[in-house]
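Going letter by letter, the sequence shown gives residues 44 to 338 in our numbering.
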Amino acid sequence: MLTIDVTKLSPVQLQNYLQYAIAPRPICFASTIDEEGNINLSPFSFFNMFSTNPPLCIFSPSRRVRDGSNKHTLENVLQVKECVINIVNYPMVQQMSLASTDYGKGVNEFEKAGFTMLPSLLVKPPRVAEAPVQMECIVKEVIHLGDQPGAGNLILAEIKMIHIQENILDADGKIDQEKIDLVARLGGDWYCRVTAENLFKVAKPLTTLGIGVDALPKAVRNSYVLSGNDLGRLGNIEQLPSADDIDEMQRNSQVKEVLDATIGDATNRERELHELAKQFLNEGNVMDALKVVLL
Ligand SMILES: Cc1cc2nc3c(=O)[nH]c(=O)nc-3n(C[C@H](O)[C@H](O)[C@H](O)COP(=O)(O)O)c2cc1C
């Protein structure tokens, strides 16, 4: 294990470790405007939502590393306390990257990057017409985190109006996680794309109170076969099966096969039962998996 005291790292080294580890990060493509009406558009991956009531996002334009100066986005929201947070998807990613170029003050990155300005309904900065979701926001507060190069400035943006392209909705009018085709930022030049192949679901543990991994027998917790993900799924079961149910499992043909093949061989029996439990887990049959490991 590499253990690092952050004070021993240069800001660039530290930023590198953090950006690779704290990833993937969603991208806030913020459009802002200054007092003179100059429009700006820039991406920020130090971004997330922090409250739904009030609906509030935070993104952070840092002081420029080269000279500690502030970015135009920050200067703009300090003058006109409004912004539009546009969500970035795969079809926009190259143009979005181009918009992050350090163009001079007053240069409109909508034009530089070839995006279409769509008038907002409530705020002055325009929306990015190409973005699948556009959120009109009022800037509630700006928190400056320091005066050194790289210091963040938290822009607390309260969402007032959301616009969603209809082609990313499902039949119920909700956002379809595949159709929105999101991208996110990681370390260095890395991005990731949310595709059907890499999406998966994890059942929420909120409604049912899982028994917990600590309720599983030690041999199961220390299994060489079952992974942490397997234990997590077993621990999410609401209650341990009854002794009768566990007994009943012995009549399952696959279990019977293992039991018959491993008479007098406790070590292999345990391993093979755990492998069978893993198979049941992969098939989504968590309760039978639990019964098998409890045999
Ligand atoms: C995907 C992506 C994410 C970025 N995230 C941030 C960020 O969170 N904070 C930051 O200060 N700069 C970030 N940048 C760099 C800014 O977009 C860049 O400095 C831009 O020129 C700022 O524009 P402005 O001075 O017009 O506000 C990011 C760039 C890209 C491409």
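Quick reminder that beta carbons are idealized off the backbone N, C-alpha and C, glycines included.
task: Write down the C-beta distance between Phe90 and Arg68 rounded to the nearest angstrom, noting that I regard them as a contact closer than 8 Å.
output: 7 Å
query: What residue does the alpha helix (DSSP H) around Val127 start on, and which one ends it?
result: Element bounds for Val127: not the alpha helix (DSSP H) but the beta strand (DSSP E), 125-130.
message: In the DSSP assignment, the alpha helix (DSSP H) including Ser266 goes from what residue to what residue?
response: Judged by DSSP secondary structure, Ser266 falls outside any alpha helix (DSSP H); it is assigned neither H nor E.
message: Relative to the C-alpha of Glu240, which candidate in Asn295, Lys51, Ser266, Gln220 has its C-alpha closest?
response: The shortest CA-to-CA distance from Glu240 to any of Asn295, Lys51, Ser266, Gln220 is the one to Gln220.
query: Alpha carbon to alpha carbon, what distance is there between Leu283 and Ile289?
result: 10 Å
field: Expected contact under 8 Å - CB spacing of Val127 and Val166 to nearest Å
entry: 6 Å
- prompt: Would the stretch 92-99 and the stretch 133-152 be scored as touching if the rule is three or more Cβ pairs under 8 Å?
  reply: no
query: Per DSSP, which one or two residues make a beta bridge with Arg170?
result: Leu161
- request: Count the other CB atoms, across all protein chains shown, that sit within 10 Å of the CB of Lys276; report buried if there are 16 or more and exposed otherwise.
  value: Here residue 276 turns out to be Arg, not Lys, going by the sequence shown. Arg276 is buried by the Cβ-count criterion.
task: Would you mind reading off the limits of the alpha helix (DSSP H) that contains Leu322?
output: Looking at the sequence shown, residue 322 is not Leu but Gln. 309-325 is the extent of the alpha helix (DSSP H) around Gln322.
query: Quick one, which of Gly307, Asp224, Arg170 has its alpha-carbon nearest Val237's?
result: Asp224
- prompt: Would you say the beta carbon of Ile130 comes nearer than 7 Å to a heavy atom of ligand 1?
  reply: no
message: Pull the bridge partners of Pro86 from the DSSP assignment, please.
response: Phe72
- request: Could you tell me how far apart the beta carbons of Ile202 and Cys180 are, in whole angstroms, since I believe they sit closer than 8 Å?
  value: 5 Å
task: Give the secondary structure of Ala286 by DSSP, where H, G and I count as helix, E and B as strand, and everything else as coil.
output: Helix.
query: Is the number of C-beta pairs between the stretch 96-116 and the stretch 207-216 that are closer than 8 Å three or more?
result: With a cut-off of 8 Å, the stretch 207-216 and the stretch 96-116 do not count as touching, because too few Cβ pairs lie within range.
message: Below 8 Å on the Cβ atoms is my contact criterion, and I expect Leu117 with Asn210 to pass it. Report the Cβ-Cβ distance as a whole number of Å.
response: Wrong, their Cβ atoms sit about 33 Å apart, outside the cutoff.
Range covered by the alpha helix (DSSP H) that runs through Met330: 329-336
First through last residue of the beta strand (DSSP E) which encompasses Arg228: 226-228
Met44 (DSSP reduced to helix, strand or coil): coil
query: Exposed or buried, what is Ser285 when buried is set at 16 or more other beta-carbons lying within 10 Å of its beta-carbon?
result: Result: exposed.
message: Less than 8 Å between the C-beta atoms of Ser266 and His317, yes or no?
response: yes
message: For Phe6 and Pro169, I'd like the C-alpha separation in whole angstroms.
response: Look at the range of the chain in this structure, 44 to 338, and you will see that residue 6 is not part of it.
Same chain only: Cβ atoms within 7 Å of Tyr146, ignoring 5 sequence neighbours per side: Glu152, Lys155
- prompt: The alpha helix (DSSP H) spanning Gln62 covers which residue range?
  reply: 54-64
Backbone secondary structure at Glu361 - three-state DSSP: Only positions 44 to 338 of the chain appear in this structure, which leaves residue 361 out of reach.
message: Quick check on the burial criterion: 16 or more other C-beta atoms within 10 angstroms. Buried or exposed for Asp303?
response: exposed
- prompt: If you compare alpha carbons, which of Ala246, Ala172, Pro98 is closest to Asn328?
  reply: Ala246
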